[in-house]
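The structure appears right after this line, and notes come after that.
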Amino acid sequence: MKLQRRPGDYIFFTTQTDEDKDPGTGITKQGVFLWKSKAVQQLKDPQIRRFIAHDDLVNSIYLFYRQKMFGRYTYMGRLKYLRHDRSRQRPVYIQWQVLDWAISQKEVNRLGLVLHDIAMESNTTGHCPVRSKLEQTMPPQICLRDGMPTESFLKNTKPDYSCQEAHETELNIAGEKIVIAYEKRSLIESGRADLAHMVRHVAAIEGEYAGYDIESYTPQGAVKYIEVKTTRGLADAPFYLKNHELEFARRHPQNYYLYRVYEYDEVLNAGKLYLSQGNIQERFQMTPTGYRAVLIRPL
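Position 104 (the sequence shown) corresponds to 113 in the working numbering; numbering is contiguous.
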């Protein structure tokens with residue numbers, strides 16, 4: 010349902026009954042809402058294209074959900090687009106993240122909700138990660154919201170907690186520490202143990218406003234200013250930069266490195282890593298998420 014006088018904002022009223030056995034619908038325990046359109050809708054329909062292009066920083070989609078046909082709807086939260094199935098239509102299938110997902114088992118029982126416990130496909134390479142090690146990979150493909158095949162869509166119900174993770178101090182420090190170990194090991198293997206001893210955890214020494222997290226070196230001795238962004242999610246999950254971090258990156262493009270740690274496992278202290286060197290604004294789309302307003306004219 011469209012909201013009047015608020016273009017781009019919608020309310021979803023969804024009923025998931027026991028009779029609906031479609032594995033592509035419902036809500037997972039991780040807060041991923043598996044949505045199915047009306048049976049007549051196709052991917053090319055203007056309404057579906059607007060849903061796929063939905064930007065939760067600009068507009069809002071509010072989810073009201075019930076488990077029984079004649080039960081009361083419960084407000085679950087705002088939605089963020091995650092991915093869609095490009096192989097199926099009539100109906101169309103889209104996965105959404107319920108933002109600020111935090112529901113207790115007591116509340117689940119009270120509302121009579123049935124949440125899917127779907128195994129998330131985080132280990133796409135098919136082997137177990139090695140403890141306390143980063144596996145460097147190629148950067149992800151450019152995200153164009155062009156969907157994925159049905160098999161991948163059904164397996165991949167990974168939530169996107171990138172906004173919350175940006176404020177998780179322990180997660181971010183763990184990512185920085187494993188990158189420090191990775192840098193030291195790489196330098197030692199390159200025959201530069203002397204430089205390995207000079208690697209510094211700048212964020213821990215000077216605080217977060219240094220503009221970068223780690224100071225390291227290339228085997229040739231050139232300084233590297235490393236910014237680490239860590240997620241438990243997939244490689245294409247967005248990350249967040251503060252103003253001073255972006256400004257530092259602008260001023261030092263020759264020596265600036267972004268280390269994106271993803272699929273990080275706290276138990277094993279292991280994950281995957283891709284790198285980006287140079288001008289970060291040439292490789293990533295930057296979206297303002299807030300403004301500071303100062304009065305400059307009399308009211």
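Where is the CB? At the ideal position from N, CA and C, for every residue including glycine. All values derive from a computational prediction rather than experimental measurement.
With a 10 Å radius around its C-beta and 16 neighbouring C-beta atoms as the bar for buried, classify P228 as buried or exposed.
-> Residue numbering aside, residue 228 sits at position 219 when the sequence shown is read from its first letter. Exposed is the call here.
For L267, the residue or residues it bridges with in DSSP = Position 258 of the sequence shown holds residue 267. Its beta-bridge partners are E236 and S285.
Go through its chain and collect everything with a Cβ distance to L196's Cβ below 6 Å, but skip five positions before and after it.
-> As a position in the sequence shown, residue 196 is number 187, starting the count at 1. Once the five neighbours on either side are set aside, the close Cβ partners of L196 are L204 and A205.
Coarse secondary structure for E224, derived from DSSP in three states = For the purposes of this step, residue 224 is identified with residue 215 of the sequence shown, where counting begins at 1. Three-state result, E224: strand.
Unbroken beta strand (DSSP E) run spanning E144, endpoints = In the sequence shown, the residue the question calls residue 144 occupies position 135. From DSSP, the beta strand (DSSP E) with E144 extends over L143 to Q145.
Have a look at the DSSP bridge pairing and note the partners of Y82.
-> Here the question's residue 82 lines up with position 73 in the sequence shown. The partner list for Y82 (beta bridge, DSSP) is empty, contrary to what the question assumes.
Straight-line CA distance for M78 to Q25?
-> Reading the sequence shown from its first residue, position 69 is the one you call residue 78. Reading the sequence shown from its first residue, position 16 is the one you call residue 25. Rounded to whole angstroms, M78 to Q25 spans 8 Å at the Cα level.
Segment contact flag, the stretch 211-223 with the stretch 273-288, C-beta cutoff 8 Å, min 3 pairs | no
Where the beta strand (DSSP E) through F374 begins and ends | Here the chain covers residues 10 to 308 and nothing more, so residue 374 does not appear.
Distance, W105 Cα to K115 Cα | Along the sequence shown, read from residue 1 onward, the residue named residue 115 stands at position 106. Along the sequence shown, read from residue 1 onward, the residue named residue 105 stands at position 96. Taking the straight line from one Cα to the other gives about 23 Å.
Which class does A279 belong to by DSSP, given the choice of helix, strand or coil?
-> As a first step, residue 279 is located in the sequence shown; it is residue number 270 there, counting from the start. Strand, per DSSP.
So the beta strand (DSSP E) L108 belongs to, where does it begin and stop?
-> Numbered from its first residue, the sequence shown carries residue 108 at position 99. No beta strand (DSSP E) holds L108; DSSP gives it neither H nor E.
Would the beta-carbon of Y265 fall within 8 Å of that of L282?
-> Translated into positions along the sequence shown, residue 265 becomes position 256. Translated into positions along the sequence shown, residue 282 becomes position 273. The answer is no: Cβ separation not under 8 Å.
Could you give the residue range of the beta strand (DSSP E) that holds F73?
-> As a working note, residue 73 is residue 64 in the sequence shown. It spans I70 to R75 - the beta strand (DSSP E) in which F73 sits, taken as one unbroken run.
Can you name the start and end residues of the beta strand (DSSP E) that T24 belongs to?
-> On the sequence shown, position 15 is the one that residue 24 refers to. Run containing T24: Y19 to T24, per the beta strand (DSSP E) assignment.
Please work out which residues of its chain come closer than 7 Å, Cβ to Cβ, to K11, disregarding the five sequence neighbours upstream and downstream, and give them in chain order.
-> For this step, residue 11 is matched to residue 2 along the sequence shown. Only Y19 meet the Cβ criterion.
Tell me whether the beta-carbon of L153 lies closer than 8 Å to the beta-carbon of Q98.
-> Residue numbering aside, residue 153 sits at position 144 when the sequence shown is read from its first letter. Residue numbering aside, residue 98 sits at position 89 when the sequence shown is read from its first letter. No, Cβ-Cβ distance for L153 and Q98 is not below 8 Å.
Rounded to whole angstroms, what's the CA-CA distance from D54 to G242? Just pull it up for me.
-> The residue given as residue 54 occupies position 45 in the sequence shown. The residue given as residue 242 occupies position 233 in the sequence shown. For D54 and G242, the distance between alpha carbons rounds to 30 Å.
Decide yes or no for the touch test of the stretch 161-179 against the stretch 82-99: beta carbon pairs closer than 8 Å, at least 3 of them.
-> yes
Answer yes if the stretch 237-251 comes into contact with the stretch 181-191, meaning at least three C-beta pairs across the two stretches below 8 Å, and no otherwise.
-> yes
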